[in-house]
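For the sequence shown, this note's numbering assigns the number 1 to the initial residue and increments by one for each residue that follows.
Every residue gets a Cβ at the ideal spot worked out from N, C-alpha and C, and that includes glycine.
Take a look at the structure set out below.
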Amino acid sequence: MTEQTPDASRTGDRGDRFYRRERDDMNQKGLLAVVSGFSGAGKGTLMKRLLEKYPQNYALSISATTRRPREGEKNGREYFFVSVEEFERMIREDALIEYARYVDNYYGTPAAYVAEQMEAGRDVLLEIEVQGALLVKKKFPDTSLLFVTPPSAKELERRLRGRQTENETVIRERMTQAVREAEIIDRYDYILVNDDLETCVDEMHALLCSRHHAVGRHEEFIHRMRRELSDLTSGETPED
Ligand code: 5GP
């Protein structure tokens, strides 16, 4: 497609992926992005909204965990809830991209789904804690690490209490964990302040889309353009 005309594929919920594909038929593989943040930062809601708004662009990886399901959580939706034995089997069989222990439980990212979704051209989002994030970055340096935070520590505590799914001990543990996580924020690539949900969703989408335009991902296009330019101009003598 040479002419860019305003059409439905450029706007709205169909997502930028269609627009991109029409213009540029190479490098359709999805990218990997890690979203971390303090427990209570609103990552879950943020991810849910991002996927609602741009369903074609993203896939959210579903982790395996040994923690108990919270009220309302469903196996295979929020997490795959597994026993310690099952989790350790997954580790032995190399079925996880990464895993970590967090507040006495195992959490890990199953590899198969991530690979499948990236092949299908979707950006895969891993909502994981900081140790896992750094492992993923080491294994796949192209990964973008995003850190989500509420505007203040007070607001973080307020949100944790508002959840009413955890007891006081767990809330304290999570605040202490936040102190440790705050030390690692500068190892991330981007920070997103989740104050207003819609603004934060749009900022995240813009940021993730921009990575698809990195020059390094469009080598074929650049070569083709050079070839075409050379063909079109061969035989022409420069004007003097
Ligand atoms: P929660 O118990 O609140 O659902 O999650 C606790 C922490 O574990 C959160 O910071 C969450 O991002 C992280 N987490 C969830 N899944 C994974 C995973 O697969 N790997 C790692 N490393 N952390 C995870």
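Looking only at DSSP bridge pairs, what is V124 linked to?
L32 and A59, per the DSSP bridge assignment.
- request: Return yes when at least one heavy atom of the ligand 5GP lies under 7 Å from the C-beta of T109, else no.
  value: Yes, the beta carbon of T109 sits closer than 7 Å to at least one heavy atom of the ligand 5GP.
**Request:** Report yes or no: do the segment 72 to 88 and the segment 198 to 213 share at least 3 C-beta pairs separated by less than 8 Å?
**Result:** Counting Cβ pairs under 8 Å, fewer than three are found: no touch.
Notebook entry, point to check: Counting pairs of Cβ atoms below 8 Å between the segment 147 to 162 and the segment 97 to 111, do you hit three or more?
Noted result: Contact fails: fewer than three Cβ-Cβ distances are below 8 Å.
(request) Pull up the distance between the alpha-carbon of R247 and that of I91, whole angstroms please. (result) Residue 247 is absent from the structure shown; the chain starts at 1 and stops at 240.
Is A100 helix, strand or coil when you go by DSSP? Three-state result, A100: strand.
inquiry  = Taking its Cβ as the centre, do 16 or more other Cβ atoms sit within 10 Å of S234, making it buried, or is it exposed?
reply    = So S234 ends up on the exposed side.
**Report entry** Spatial distance of S61 from G44 (CA atoms)
**Finding:** Distance between the alpha carbons of S61 and G44: 12 Å.
Here's the rule: buried if 16 or more other CB atoms are within 10 angstroms of the residue's CB, otherwise exposed. What is V179? For V179, the number of other beta carbons within 10 angstroms of its own is below 16, and it is reported as exposed.
> Excluding the five sequence neighbours on either side, which residues of its own chain have a C-beta within less than 7 Å of the C-beta of E116, listed in chain order?
Replying inline: The answer is none, since no qualifying residue turns up.
Open item on the list: Suppose only complete runs of 3+ residues qualify. What are the beta strand (DSSP E) ranges in the segment 166 to 230, listed by chain order?
Closed with: Unbroken beta strand (DSSP E) runs of no fewer than 3 residues, entirely contained in the segment 166 to 230, are found at 190 to 193, following chain order.
Determine the extent of the alpha helix (DSSP H) in which G108 is found, giving its start and end residues.
-> It is not in any alpha helix (DSSP H) - G108 instead sits in the beta strand (DSSP E) that spans N105 to P110.
### Task
From the DSSP output, in three-state form, read off A95 for me.
A95 sits in coil when the DSSP states are folded into three classes, being neither helix nor strand.
Report yes or no: do the segment 216 to 234 and the segment 164 to 180 share at least 3 C-beta pairs separated by less than 8 Å? The way I'd put it, the segment 216 to 234 doesn't touch the segment 164 to 180; fewer than three beta-carbon pairs between them come closer than 8 Å.
In terms of residue numbering, what span does the beta strand (DSSP E) encompassing S45 cover? Correcting the residue identity first, residue 45 is Thr in this sequence and not Ser. No beta strand (DSSP E) contains T45, which is instead part of the alpha helix (DSSP H) from K43 to K53.
Check your understanding: Distance, Cα to Cα, F221 vs G40?
Key -> Roughly 43 Å separates the two Cα atoms.
Helix, strand or coil for F147 per DSSP? The answer is strand: DSSP assigns F147 an E or B state.
Rounded to the nearest angstrom, what separates R253 and G162 at their Cα positions? Absent from the model: residue 253. The displayed extent of the chain is 1 to 240, so no value can be given.
Open item on the list: Less than 8 Å between the beta carbons of N194 and L50, yes or no?
Closed with: Taking 8 Å as the Cβ cut-off, N194 and L50 do not qualify as a contacting pair.
Can you determine whether any heavy atom of the ligand 5GP sits closer than 7 Å to the C-beta of Q164, and answer yes or no? Not so, every heavy atom of the ligand 5GP lies at least 7 Å from the Cβ.
Exercise. Name the two residues that bound the continuous alpha helix (DSSP H) containing V130.
Key: V130: member of the alpha helix (DSSP H) spanning V130 to K139, first to last residue.
Check your understanding: Using a Cβ-Cβ cut-off of 7 Å (strictly less than) and excluding sequence neighbours within five positions of D123, which residues of its own chain qualify?
Key -> The beta carbon of D123 is closer than 7 Å to those of G30, L31, A33, N57, Y58 and L208 in its chain, skipping five residues each way along the sequence.
Report task. Would you mind sorting I283 into buried or exposed? The rule is 16 or more other CB atoms within 10 Å of its CB. Result -> This structure gives no information on residue 283, because the portion of the chain shown stretches from 1 to 240.
Considering Cα atoms alone, identify which of Y107, E93, D94 and E71 is closest to V82.
In this structure, Y107 is the residue among Y107, E93, D94 and E71 with its C-alpha nearest to the C-alpha of V82.
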